[in-house]
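Novice:
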Amino acid sequence: MPQDATLPAPDPSDVGAEEAVLAAAETAVEGAAQEVAMTPLDHPRRLLLVHAHPDDETIGTGATMAKYAAEHALVTLVTCTLGEEGEILVPTLGHLGSDQQDGLGQHRIGELAAACEALGVRDHRFLGGPGRWRDSGMMGTPQNDRPDVFWQADLDEATRALVAIVREVRPQVVVTYDENGGYGHPDHIQAHRVAVAAFDRAADPGYAPGTGEPWQASRLYYTAFPKSVLQAGIDHLKATGATNFFGVESAEDLPFGNPDDEVTTEIDARDHLDAKVAAMRAHATQIAVDGPFFALSDNVGQKAMGREYYVLARGDRHPDGARETDLFGGAA
Ligand SMILES: [Zn+2]
């Protein structure tokens with residue numbers, strides 16, 4: 004947070020402890036006001052990510068987000084649900100489960116805020132506001148049919164909500180999942196549908212007038228996991244005996260992963276792995292510290308954690324067909 008250099012630091016010899024705290028708070032508020040005064044267009048590069056649940060941003064794109072935020076791009080995260088149906092890995096918080104007090108969503112708002120802080124991401128919103136759409140649960144579960152879940156959302160209402168954000172933030176780059184939602188979760192599939200619709204309709208002057216000037220983002224990406232990288236992770240975990248990567252021997256047995264030649268873009272964000280790991284820790288109810296993701300955060304596993312992969316779905320590929328190293332279009 005930028006400090007106002009013209010403000011004298013409180014001198015502990017002539018102000019009491021309480022006054023020092025107040026002075027520090029005032030400085031912080033002024034710093035925050037300066038940030039708020041910036042508009043999205045003050046950032047030449049703007050990246051918008053559309054994710055389904057708190058934690059998806061970190062697991063799939065956390066290093067990328069931290070990298071671009073550190074490089075002063077505007078990173079805007081839109082999360083579509085509160086993740087109310089997530090499994091709770093912290094035993095003392097089991098009472099928050101959807102079959103008990105149903106308080107996990109509220110709790111995960113705090114986890115996500117802490118994760119964004121770790122990633123250096125300041126612009127975070129819930130689609131339609133926090134709690135507008137509920138986590139739909141895994142495909143085939145009774146929760147899919149609740150009228151308040153994202154899977155049952157009115158697509159036009161959800162698209163309008165996202166179009167308004169696109170027109171406000173004016174991202175050049177939009178990131179979401181592929182049409183299978185990466186691995187078939189209904190909220191991920193729905194996030195894909197809404198993000199693709201908003202990508203197109205934000206540019207249509209006839210659509211949702213009153214939500215801002217039309218804006219055509221230039222590049223749309225889907226998150227990806229190359230099969231070769233998944234296989235390397237499986238082999239590494241097998242060799243170290245650290246843990247069992249989702250209980251499979253081969254990347255071919257995983258319900259996600261892309262053939263390597265489909266992957267257009269590789270973001271090397273190993274310098275920001277610490278931020279990603281800190282953000283994973285912030286999602287304490289969801290990501291086990293002894294699970295496969297943390298096991299991959301050791302030295303050898305960094306290849307699988309600090310590099311993130313994408314498929315360019317809209318926009319021009321680099322002319323020589325090389326794998327891109329920058330979501331904004333650069334190639335190695
Ligand atoms: Zn998810």
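Read in order, the letters of the sequence shown are residues 4 to 335 in my numbering. Where is the CB? At the ideal position from N, CA and C, for every residue including glycine. Keep in mind the model is a prediction, meaning the values are calculated, not measured.
Please state whether the Cβ-Cβ distance between asparagine 195 and aspartate 207 is less than 8 Å.
Specialist: Here the question's residue 195 lines up with position 192 in the sequence shown. Here the question's residue 207 lines up with position 204 in the sequence shown. Note that residue 195 corresponds to histidine in the displayed sequence, not to asparagine. Taking C-beta atoms as the reference points, histidine 195 and aspartate 207 fail to come closer than 8 Å.
Novice: Is threonine 329 close to ligand 1? I mean its beta-carbon at under 7 Å from any heavy atom of the ligand.
Specialist: Looking up residue 329 in the sequence shown gives position 326. One detail in the question is off: residue 329 reads as aspartate in this sequence, not threonine. It does not: the Cβ of aspartate 329 is nowhere closer than 7 Å to a heavy atom of ligand 1.
Novice: For proline 189, count the other beta carbons within 10 Å of its own beta carbon; 16 or more makes it buried, fewer makes it exposed. Which is it?
Specialist: On the sequence shown, position 186 is the one that residue 189 refers to. Per the 10 Å Cβ criterion, buried.
Novice: Hey, would you say the C-beta of alanine 227 is under 7 Å away from at least one heavy atom of ligand 1?
Specialist: Position 224 of the sequence shown holds residue 227. The beta carbon of alanine 227 sits no closer than 7 Å to any heavy atom of ligand 1.
Novice: Return yes when the C-beta of alanine 316 is under 7 Å from any heavy atom of ligand 1, and no when it is not.
Specialist: Taking the sequence shown and counting its residues from 1, one reaches residue 316 at position 313. No - ligand 1 has no heavy atom lying nearer than 7 Å to the Cβ of alanine 316.
Novice: Compare the beta carbon distance of methionine 283 and threonine 95 with 8 Å and say whether it is the shorter of the two.
Specialist: On the sequence shown, residue 283 is found 280 positions in, with the first residue counted as 1. On the sequence shown, residue 95 is found 92 positions in, with the first residue counted as 1. Not in contact: methionine 283 and threonine 95 (Cβ atoms no closer than 8 Å).
Novice: Are alanine 55 and leucine 122 touching if we call contact CB-CB under 8 Å?
Specialist: Here residue 55 refers to the residue found at position 52 when the sequence shown is read from its first residue. Here residue 122 refers to the residue found at position 119 when the sequence shown is read from its first residue. No, these two residues do not count as a Cβ contact at 8 Å.
Novice: Can you tell me the Cα-Cα spacing of alanine 254 and leucine 115, whole angstroms?
Specialist: The residue given as residue 254 occupies position 251 in the sequence shown. The residue given as residue 115 occupies position 112 in the sequence shown. Between alanine 254 and leucine 115, the C-alpha separation is close to 29 Å.
Novice: I want to see whether chain D comes within less than 8 Å of glycine 184, judged by CB atoms only; does it?
Specialist: Going by chain labels, chain D is absent from the structure shown, which holds only one protein chain.
Novice: Cβ-heavy atom distance between histidine 188 and ligand 1 below 7 Å?
Specialist: As a first step, residue 188 must be located in the sequence shown, where it is residue number 185. Checking the Cβ of histidine 188 against ligand 1 gives yes.
Novice: By the DSSP assignment, the beta strand (DSSP E) with leucine 80 in it spans what residues?
Specialist: Taking the sequence shown and counting its residues from 1, the one referred to as residue 80 is at position 77. Annotation for leucine 80: the continuous beta strand (DSSP E) segment containing it runs 77–82.
Novice: Let me confirm a value: threonine 67 is counted as buried when at least 16 other C-beta atoms fall within 10 Å, else exposed. Which label applies?
Specialist: Here residue 67 refers to the residue found at position 64 when the sequence shown is read from its first residue. Buried, since its Cβ has 16 or more Cβ neighbours within 10 Å.
Novice: So, using beta-carbon positions, are threonine 64 and glutamate 311 closer together than 8 Å?
Specialist: On the sequence shown, position 61 is the one that residue 64 refers to. On the sequence shown, position 308 is the one that residue 311 refers to. Taking 8 Å as the cut-off, the Cβ atoms of threonine 64 and glutamate 311 count as close.
Novice: Is any heavy atom of ligand 1 found at a distance shorter than 7 Å from the C-beta of aspartate 345?
Specialist: The structure shown does not extend to residue 345, since the chain is modelled only from 4 to 335, so the question has no answer here.
Novice: Relative to the alpha-carbon of proline 387, which residue among Ile168, Arg222, Gly260, Leu130 has its alpha-carbon at the smallest distance?
Specialist: In this structure the chain extends from 4 to 335, so residue 387 is not present and cannot be described.
Novice: Taking the DSSP output, what are the residues bridged to leucine 276?
Specialist: Taking the first residue of the sequence shown as 1, we reach residue 276 at position 273. Looking at the DSSP assignment, leucine 276 forms no beta bridge with any residue, so it has no partner.
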